Every structure is written in C-alpha cells, then in structure tokens.
Amino acid sequence: MAKRIGAWIGGLLVIGFVRVRLRLPDGLARRLAGIAGAAGRWLIPARRRIVARNLGRAFPGRDAVALSRLSADVYRGTAGWFNDMLLLFREGRALNLRRYRIEGDRHLREAVGRGRGVVAVSAHLGPFPGLAVGMSSLGVPFSFLYRKPKEPRVR
Numbered sequence: 070m071a072k073r074i075g076a077w078i079g080g081l082l083v084i085g086f087v088r089v090r091l092r093l094p095d096g097l098a099r100r101l102a103g104i105a106g107a108a109g110r111w112l113i114p115a116r117r118r119i120v121a122r123n124l125g126r127a128f129p130g131r132d133a134v135a136l137s138r139l140s141a142d143v144y145r146g147t148a149g150w151f152n153d154m155l156l157l158f159r160e161g162r163a164l165n166l167r168r169y170r171i172e173g174d175r176h177l178r179e180a181v182g183r184g185r186g187v188v189a190v191s192a193h194l195g196p197f198p199g200l201a202v203g204m205s206s207l208g209v210p211f212s213f214l215y216r217k218p219k220e221p222r223v224r
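All letters in the sequence shown, in the order written, are residues 70 to 224 by my numbering.
Printed below as a string of structure tokens:
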C-alpha cells in the first residue's frame with residue numbers, strides 16, 4: 070500500500086511539475102526541479118533502493134556516505150534534465166539548438182556517407198531527447214527507439 074501511495078505522489082509531482090514548469094522562468098524552474106528531485110528520492114523508496122544498489126555496483130570502492138551523496142545528485146540531476154527536456158516543447162528549434170553542443174559529428178557524417186545506415190547507442194541518462202534536436206540539425210535522418218521493441222528481430 071505504501072508503495073502505491075508513494076508512486077501516486079511521485080506521479081502527481083511529475084504532472085504538477087510539467088504543468089507549472091512551462092510557465093516559469095528558467096532559474097526558478099531549475100531550483101524547483103532540484104527540490105522535486107530531492108522529494109522524489111524520498112517518496113519512492115523502491116527506486117531509491119534500486120539507485121543505491123546500482124551505484125554500489127558501479128562504484129564499489131565508495132563508502133555509504135559518498136554513495137548517498139551521489140544518489141542525491143542523481144535524483145537532482147534527473148529532475149534537472151527532465152526540466153530541460155520540457156523546454157523542447159516550449160521553445161522553437163533555433164533556441165533548442167543553442168542548448169546542445171555536438172562533438173564528433175565528422176565521424177557520424179562519414180558513417181552516414183557510406184550509405185548503409187548507422188546505429189547509435191546512448192545511455193538513458195541526461196536529456197537524451199535532445200539528441201533528436203542535435204541530429205536533425207546535422208541533416209541526418211534519425212529515428213528514436215526508447216523502449217524494448219516488440220519486434221523480436223530487432224531485440
């Protein structure tokens with residue numbers, strides 16, 4: 070029951086943040102995102118345990134205090150990139166392009182130039198939907214797959 074209540078409260082926080090975010094100035098929205106991330110860390114204990122376990126696996130030499138700080142940073146950072154992702158919907162293409170720096174595009178252009186297509190892999194970390202903005206600015210045909218495909222041949 071507590072898990073359902075926590076998930077429900079977390080969902081309300083996200084929906085409320087989206088509704089309010091698009092009306093707020095950027096600085097205030099970033100501060101609010103940090104607060105929402107910190108709240109989400111404590112309101113959804115199951116996720117907190119998953120984050121703690123994964124961070125422990127990724128950084129086995131760190132003590133519990135360091136991992137706890139890192140966990141807090143992960144939650145604040147996740148809320149921050151979610152905040153930035155919402156700007157994709159509010160701002161036009163030109164403003165969004167200024168938010169991203171593209172590095173190594175020469176390699177991508179060379180691969181695309183071979184005419185066989187390119188599969189790029191990215192972590193589900195940071196404002197990854199911004200990849201669509203960046204890729205389209207390069208004039209590269211781009212498709213985004215963001216969940217496990219149902220088609221067995223592409224799993």
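We treat Cβ as the ideally placed atom computed from N, Cα and C, and that holds for glycine. The model shown is predicted, which means the values in this text are computed figures rather than measured ones.
Using only the alpha-carbon positions, how far apart do residue i and residue j sit?
| i | j | result |
| --- | --- | --- |
| serine 206 | leucine 200 | 10 Å |
| valine 181 | arginine 145 | 36 Å |
| arginine 88 | arginine 185 | 42 Å |
| arginine 116 | arginine 122 | 10 Å |
| alanine 163 | arginine 170 | 13 Å |
| arginine 131 | glycine 80 | 31 Å |
| glycine 85 | valine 190 | 31 Å |
| serine 137 | tryptophan 150 | 20 Å |
| arginine 175 | leucine 93 | 37 Å |
| arginine 126 | glutamate 172 | 29 Å |
| arginine 183 | phenylalanine 213 | 21 Å |
| arginine 159 | alanine 133 | 40 Å |
Figure out for me which residue from the options has the closest Cα to the Cα of residue i.
| i | options | result |
| --- | --- | --- |
| valine 143 | Val120, Val134, Gly130, Pro114 | Val120 |
| leucine 157 | Ala76, Gly85, Asp95, Leu82 | Asp95 |
| leucine 155 | Ala76, Arg100, Leu82, Arg90 | Arg90 |
| alanine 109 | Arg159, Gly125, Ile74 | Checking the sequence shown, residue 109 turns out to be glycine, not alanine. That would be Ile74, whose Cα lies nearest to the Cα of glycine 109. |
| leucine 112 | Ile78, Arg126, Ala127, Phe128 | Ile78 |
Considering only their Cβ atoms, is the gap separating residue j from residue i smaller than 9 Å?
| i | j | result |
| --- | --- | --- |
| valine 209 | leucine 177 | yes |
| glycine 106 | alanine 148 | yes |
Apart from the five residues just before and just after residue i, which ones in its own chain have a Cβ nearer than 7 Å to its Cβ?
| i | result |
| --- | --- |
| phenylalanine 211 | Ala201, Met204, Ser205 |
| valine 187 | Leu177, Ala180, Val181 |
| asparagine 233 | Since the first residue shown for the chain is 70 and the last is 224, residue 233 is missing from the structure and cannot be characterised. |
Within a Cβ cutoff of 8 Å, which residues of the same chain sit near residue i, ignoring the five residues on either side of it in sequence?
| i | result |
| --- | --- |
| serine 140 | Arg110, Arg117, Val120, Ala121, Leu124 |
| phenylalanine 128 | Ala135, Leu136, Leu139 |
Looking only at its own chain, which residues have a Cβ that is under 6 Å from the Cβ of residue i, when we skip the five neighbours before and after it?
| i | result |
| --- | --- |
| leucine 82 | Ala105 |
Query raised in the report: In chain order, which alpha helix (DSSP H) runs of at least 4 residues are fully inside the region 102 to 146?
Result: Fully enclosed alpha helix (DSSP H) runs of 4 or longer: 114 to 127.
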